[in-house]
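**Q**
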Amino acid sequence: MPFELRPYPTPTLRPESEYMQRVWAQSVKPLAKRLGLEIELPPISPQPHTHLAFEGYHFAKEHGKGNAYHHRVFVAFFQEGKDIGDLDVLTELARDVGLDADAFRAALEARTYREVHQAALRHAVEEMGITAVPTFVIGPRVFVGLQSKETLERAIAEAEAQAKGGDASGLACGRDGCE
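Position 29 of the sequence shown, counting from 1, maps to 29 under the UniProt record's numbering, and the rest follow consecutively.
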């Protein structure tokens, strides 16, 4: 579910700030190393607003490339240090995943997906109560902050069982049948 931590016009953070340096040194980098992930604190200062990147996601999703676009944007930002608030960069990323770059750019210039993105943000904040990243929504459960692999796997298995009707919680049978 798309969620902007600091939507426009909220100021974004500066990577050179003491806060960002500390968070990345004490939390993000050690965790990434343990997980075997390549990740860098993007050097763009201030960090870009990402509404266009999210609007681009909605375009990509509509054209069957949502996951590929999402992954490409994350790699571009956290490994390549690209400015994902820049329309030219986003258009290049869309082209990289096989989207029609001209149609993508035109949709973002026209703000075609602005309302879709705003509705997704409202849903995330107002209906799901999301206020932080990462947040995982698995079935009816919401996990805020980093979770162990085991916790997430268990939640996924429970949600799958519930979706398949495998959850018998509250099942009661009487003379007239089961409820």
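C-beta atoms are modelled at their ideal positions from N, C-alpha and C, and glycine is treated no differently.
Since the model is a prediction, treat every value here as computed from it, not as a measurement.
#1: Does DSSP classify F59 as helix, strand or coil?
#2: Taking the alpha-carbon of V125 as reference, which of K29, V142, D100 has the nearest alpha-carbon?
#3: Considering only the alpha carbon of each residue, which of H117, G66, T112 lies closest to G98?
#4: On the DSSP bridge list, what partners appear for V125?
#5: Based on the DSSP output, what are the partners of V142 in its beta bridges?
#6: With distances taken between CB atoms, is the gap from Y57 to P2 smaller than 8 angstroms?
#7: Within the same chain, show all residues whose beta-carbon is closer than 6 angstroms to that of R72, passing over the 5 residues directly before and after it, in chain order.
#8: Pick helix, strand or coil for E40, following the three-state DSSP scheme.
**A** This is what the structure gives:
#1: F59 falls in the helix class under three-state DSSP.
#2: V142
#3: Out of H117, G66, T112, G66 has the C-alpha closest to the C-alpha of G98.
#4: Per DSSP, none; premise fails for V125.
#5: Under the DSSP definition of a beta bridge, V142 partners with V137.
#6: yes
#7: L93, D96, V97.
#8: coil
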